[in-house]
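Structure, as structure tokens:
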Amino acid sequence: MGVFYAVIAYVFWGLSPLYWRFLSNVGPLQILAFRILFSLIFVFILLKIQKTTCWFRLFKEPRSRIFIIGAALAVTVNWGGYIWAVNSGMAVAASLGYFICPLISILLGVIFLREKILPLQWVSFGIAAFGVVLLSVFTGSFPWISFILALSFGGYGLFKKKITAGSLEGLFSETLVSSPLAAAMLFIPAWGGTDFPALPVHTWVLLVLCGPVTVAPLYWFSKSARHLSLSALGFLQYLNPTIQFLLGVFVFREPFPRQNLTAFICIWVSVLLFSAAPMIQKRIKT
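Right under this line is the structure:
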């Protein structure tokens, strides 16, 4: 069952650009606001059903409060950046962010948690960096949205490591912290741009469903994490950016010149080498 829950979570995340594209008539900040507020409401209902109130204690501990605020800021930047990228015709760039995200997460672990990585994994960082340089040369600009997504999600994971709470309790706390900003996105005219009364009914339905659409894959992922090894989860996680990449190229028809493929191949090779490094190192020792 662990593999089943992991696959549906990652496939769901991979297909999520289709959902956000249906909301392209709404401003990215307003979509983000609805996503935060209705995730908060939906998780609150789930916690009530489960009769869970342990999230209160997270705000009683000063250290936990700092990490919750950090996680809230990171996930808000990640969600907002992703919605903006997909609805701005940059789904391929978004997929690149999630391909390199595991590398960024490990690098953050090395810097802030003093985690150790293998020599081959350092080589994979070099290959990935070379791929990013190639992409920057070919496109004439640095893939900044890819790095914003990778750094924000990597930072989110770093903060989450310090929060002792379940996934639902953590998400409730984070969206609760972000909710004042979300409300401002809806009610401050300078941040607006969407004529809400003029929106069709189906758009309102999609906006309200932003909560369940956000929470469901997180719930499936948390269930899978209880039954699968980290290596299995690490392998399956590439389903998400692979599906995003295929959607960007073949469904959304985003421009993808041949030379860009060279840069992506470097990044894919680095990801494969990084994932396989522990097994290769083990075989070398034996």
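Numbering of the sequence shown is given in the UniProt record's numbering, commencing with residue 1 and proceeding in unit increments.
Positions of the beta carbon are idealized from the N, C-alpha and C atoms, including for glycine.
Item	Value
Beta strand (DSSP E) runs contained entirely in the UniProt domain "EamA" (147-275), provided each spans 3 or more residues	none
Proximity of residue 288 and F159 at Cβ, strictly below 9 Å	This structure cannot settle anything about residue 288, because the visible part of the chain is limited to 1 through 286.
Inter-residue spacing [alpha-carbon to alpha-carbon] between A71 and V110	19 Å
As assigned by DSSP and simplified to three states, the class of K60	helix
Through-space distance from G126 to K116, alpha-carbon basis	17 Å
Of the residues V43, P102 and L18, the one placed nearest A85, counting alpha carbons only	L18
Nearest candidate by alpha-carbon position, reference A128, set L273, A277, Q281 and K285	L273
The alpha helix (DSSP H) enclosing G2, as first and last residue numbers	G2 to R21
Close-in-space but distant-in-sequence residues of the same chain around V208 (CB under 8 Å, 5 per side omitted)	F34 and F38
Contact check, Q281 vs L120, beta carbons under 9 Å	yes
Closest by C-alpha distance to S16, when choosing among F147, V3 and L206	L206
Range of the contiguous alpha helix (DSSP H) that encloses R35	P28 to Q50
Start and end residues, alpha helix (DSSP H) containing L118	Run containing L118: none; DSSP gives neither H nor E here.
Buried versus exposed call for L261 [16 or more other C-beta atoms within 10 Å across all chains shown]	exposed
Beta-carbon proximity check, F12 vs P217, cutoff 9 Å	yes
Sequence-distant residues of its chain with Cβ nearer than 7 Å to Y82 (five each side left out)	A94 and L149
Limits of the alpha helix (DSSP H) - the one that F142 falls within	From DSSP, F142 is part of no alpha helix (DSSP H); its letter is neither H nor E.
Cα-Cα separation, C101 to G154	6 Å
Spatially closest choice to S64 from M279, S167, K162 and K223, by CA coordinates	K162
Between the CA atoms of K48 and F264 - distance to the nearest angstrom	45 Å
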